[in-house]
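Q:
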Amino acid sequence: MATPARVDPPHHARREPDCCDQGHRGHRLDTHAPPLPAIGTLVSARGLTFARGGRPILTGIDVDVVPGEILTLIGPNGAGKTTLVRLLLGLDRPDSGTVHRADGLVVGYVPQMFAADRALPMTVSRFLSLGLAPTPVQIAAALEEVGAARVAGQQLASLSGGELQRILIARAVLRNPGLLVLDEPVKGVDFLGEADLYRLIADLRDARGFGVLLVSHDLHVVMAASDRVLCLNRHICCSGVPHAVAKHPEYARLFGRELAAAYAVYEHHHDHAHAIDGSPLPVGNDDLGDRSA
Amino acid sequence: MIEPFLLKAFAAGAGLAVLTAPLGSVVVWSRMAYFGEAVAHAGLIGIALALSTGLDRTLAVLLVTLAASGLLLLLGRQNLVPLDSVLGLIHHGSLSLGIIAAAMLAGPGVDLQGYLFGDIFAVSETDLALLAALGLVVGLAMWHLWQPLLRIALDPDLAAAEGVPRERVRLAFTIVLALAVALAVKFVGVLLVIAFLVVPAVAARPFAASPEQMVWLASGIGIGAVLAGLSVSLAWDAPGGPAIVLAMALAAAASLVAAGLRKSR
């Protein structure tokens, strides 16, 4: 897949009077959302509104995911992140607004909760072959890629949370997806594993060129691994490149000034780590100790 | 020399055991045991319908089980009350209606027990032919639905996001389940049908490493239980259907205890 230019798709952020300072680089200034999805997007949503039991969960959401980018959806608990992902995947229907998925788009999905029922006996290898027809070599390669080669013959029910996440990623990647969607993939994974997991996702994106939609409620590690960040709290508060979002007043308001400020420290270390290639992420940094939950 | 009636009873029981093994496994994986129970018990209304209209009993039961499944699927879409409560409503409501209707229509001398627990020793050659023919349909349908059913049982959202037509597959499985229930009601009665599906699958679980292994083991355990149940039934003049289900339940209990011991060691 050709790597497209990283251009912010237009209109991913609908204006909310309380939250957007004009001219911020995460926003586009034109206010007329086009009725049609942007060309070349994998998934494109316009004007999504969703309520449950009369309570609005999402209002006026515009989102585009383009090939090759990592778009991260952040926001506090209850912000509607999972709901938005479900709408984009077609698992739920919006009350109003449209979701357009590219024709023939193959989706690799890593759900937030995958509790393999113990009543269903299944090995990891079999799970990876379900509905697909990979060769044993392909299965072994996919497991190797996610660092889970040794669990191939184990039962799904016997895996740890982190192992299961890797298996789900392996399955998603085996499908050769155009879009990889991960809903809180680091839940239940320790901090070191978390950094590893995000790096794995970025590496896979680099190698395969698929678009990634990543949901998270923590900030620093995930933001540094993203091309674009969308800050959600029932509406889109702000969006843009991580650096810009981190400086956005609405972001600071949502997550607290101290927590938001810690990102800059993190980013510095991350850039540094990149320069010396492959050195571990700065997990010992005190500024990272207070990651939001 | 084996009596022909015994041979026919065994053929019907063993055929049902093989036929219901894949269905029962899916029911266990998808937590549909109570759903199946409610649908099966509604089958009694079908028996009443057959008594009053002279309609074929299997057909009448099939019509009612299909209607009950459809009603349950529709009620499952509301989210005010949890599904198991709705199931209880349909389950006991239809069971009561069925018992009242069957008792009234069949007159005072009715043998309600035969409808509730079936009569596996009264199997005719026509019954066996119908079992074979419809059994083939059920088997082919399950063969066709197997992969999507496994994916939905593992994670319905993951399956749907990957493009499995979740609602269509569920609907198809519900129809197949209703068909199997209608077939089995004649032999084991409305109250014990779901045990025939679920209990051998439960017994098979601790010793299965793959979904298919679980199905084969469940078939084998089912056939063994039919043999044991029929023998007990003959030796002590116990009712056939309950004797078979009791044998299945003992096998399942032993299996789960064995699994527990193996784990704690």
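Protein chains in written order, with this note's numbering: chain A, -10 to 282; chain B, 5 to 269. Note that CB positions come from ideal geometry on N, CA and C, so glycine has one too.
1. Hey, I124 (chain B) and F191 (chain B): beta-carbon distance below 7 Å or not?
2. What are the residues in the stretch 106 to 123 of chain A lying within 8 Å of chain B by C-beta distance?
3. For E7 (chain B), does the count of other Cβ atoms within 10 angstroms reach 16, so buried, or fall short, so exposed?
4. Work out the CA separation of A157 (chain B) and E51 (chain B) for me, nearest whole Å.
5. Please decide whether L120 (chain B) counts as near chain A, where near means a Cβ-Cβ distance under 7 Å.
6. Just reading off the beta strand (DSSP E) that T48 (chain A) is part of, what are its end residues?
7. Taking C-alpha atoms, which residue in A:L47, A:G57, A:L80 and A:D53 lies nearest to G64 (chain A)?
8. Look up R75 (chain A) in the DSSP assignment and say whether it is helix, strand or coil.
9. Count the other CB atoms within 10 Å of the CB of V88 (chain A); is the residue buried (16 or more) or exposed (fewer)?
10. Got a sec, what are the start and stop residues for the beta strand (DSSP E) I128 (chain A) sits in?
11. How far does the alpha helix (DSSP H) with H232 (chain A) in it reach, from first residue to last?
12. Using only CA atoms, which one of B:A165, B:L195, B:M146 and B:W220 lies nearest to D81 (chain A)?
13. Rounded to the nearest angstrom, what separates G273 (chain A) and V99 (chain A) at their Cα positions?
14. Name the chain A residues that come within less than 7 Å of P215 (chain B), Cβ to Cβ?
15. When you compare only the Cα positions, how much space is there between D84 (chain A) and C220 (chain A)?
16. So is V96 (chain A) in contact with chain B if we call contact Cβ pairs under 7 Å?
17. How is H144 (chain A) classed by DSSP in three states: helix, strand or coil?
18. Residues of chain B with CB closer than 7 Å to the CB of L78 (chain A), please, in chain order.
19. Roughly how many whole angstroms lie between the Cα atoms of V236 (chain B) and A136 (chain B)?
20. Go through its chain and collect everything with a Cβ distance to S56 (chain B)'s Cβ below 6 Å, but skip five positions before and after it.
21. Could you tell me the boundaries of the alpha helix (DSSP H) in which T62 (chain B) lies?
22. From this set, B:G28, B:D60 and B:L91, which residue's C-alpha is nearest L221 (chain B)'s C-alpha?
23. According to DSSP, is H224 (chain A) part of a helix, a strand, or is it coil?
24. Counting only Cβ pairs nearer than 7 Å, list the residues of chain D close to P83 (chain A).
25. At what residue ranges does the stretch 125 to 197 of chain B contain a whole run of the alpha helix (DSSP H), taking only runs of 4 or more?
26. Would a check of beta-carbon distances place F39 (chain A) closer than 7 Å to chain B?
27. Determine, using beta carbons only, whether Q151 (chain B) comes closer than 7 Å to chain A.
28. Taking only three categories from DSSP, how would you classify R139 (chain A)?
29. Considering Cα atoms alone, identify which of B:A16, B:H148 and B:A18 is closest to V180 (chain B).
30. Going by beta carbon distance, what residues of the same chain come within less than 7 Å of S114 (chain A), once the five residues before and after it are set aside?
31. What are the boundary residues of the beta strand (DSSP E) that includes S33 (chain A)?
32. List the residues of chain A whose Cβ lies closer than 8 Å to the Cβ of W33 (chain B), in chain order.
33. Determine, using beta-carbon pairs with one atom in the stretch 118 to 128 of chain A and one in the stretch 90 to 106 of chain A, whether at least three such pairs fall under 8 Å.
34. Excluding the 5 residues flanking A258 (chain B) on each side, which residues of the same chain have their C-beta closer than 7 Å to its C-beta?
35. What residues in its chain sit with their C-beta under 8 Å from that of L238 (chain B), if we drop five residues either side in the sequence?
36. Leaving out five residues before and five after I49 (chain B) in sequence, what residues of the same chain have Cβ atoms less than 7 Å from its Cβ?
A: Once the coordinates are examined:
1. yes
2. D106, A108, L109, P110, M111, T112, R115, F116, L119 and G120
3. Here E7 (chain B) is exposed. Its C-beta has fewer than 16 other C-beta atoms within 10 Å.
4. Here residue 51 (chain B) turns out to be Ile, not Glu, going by the sequence shown. Between I51 (chain B) and A157 (chain B), the C-alpha separation is close to 32 Å.
5. It does not: the Cβ of L120 (chain B) has no partner Cβ on chain A nearer than 7 Å.
6. R44 to V54
7. A:L47
8. helix
9. buried
10. I128 (chain A) -> not in any beta strand (DSSP E); alpha helix (DSSP H) instead, spanning P125 to E134.
11. Per DSSP, the continuous alpha helix (DSSP H) segment holding H232 (chain A) begins and ends at P231 to K236.
12. It is B:A165 whose Cα lies nearest to the Cα of D81 (chain A).
13. Residue placement at G273 (chain A) is flagged as unreliable, the pLDDT there being 38, under the threshold of 50; the coordinate-derived value follows with that caveat. Just so you know, the alpha carbons of G273 (chain A) and V99 (chain A) end up roughly 29 Å apart.
14. Correct list: L109, P110 and M111.
15. Cα to Cα, the separation comes out at about 21 Å.
16. yes
17. The sequence as given places Gln at residue 144 (chain A); His does not occur at that position. Here Q144 (chain A) sits in strand by DSSP.
18. A165
19. 26 Å
20. Residues of the same chain with a CB within less than 6 Å of the CB of S56 (chain B), apart from the 5 flanking positions on each side, are L109 in chain order.
21. R61 to L79
22. Comparing Cα positions, the closest option is B:G28.
23. coil
24. You won't find chain D in this structure, because its protein chains are A and B.
25. 129 to 158 and 160 to 165
26. no
27. yes
28. helix
29. B:H148
30. Hits under 7 Å: I128, A141 and G142.
31. V32 to R41
32. Going along chain A in sequence order, the residues near W33 (chain B) (Cβ under 8 Å) are D106, A108 and L109.
33. no
34. Answer for A258 (chain B): no residue qualifies.
35. Exclusion of the five residues before and after L238 (chain B) leaves L10 as the residues of its chain whose Cβ lies within less than 8 Å of its Cβ.
36. V68, S98, L101, G102 and A105
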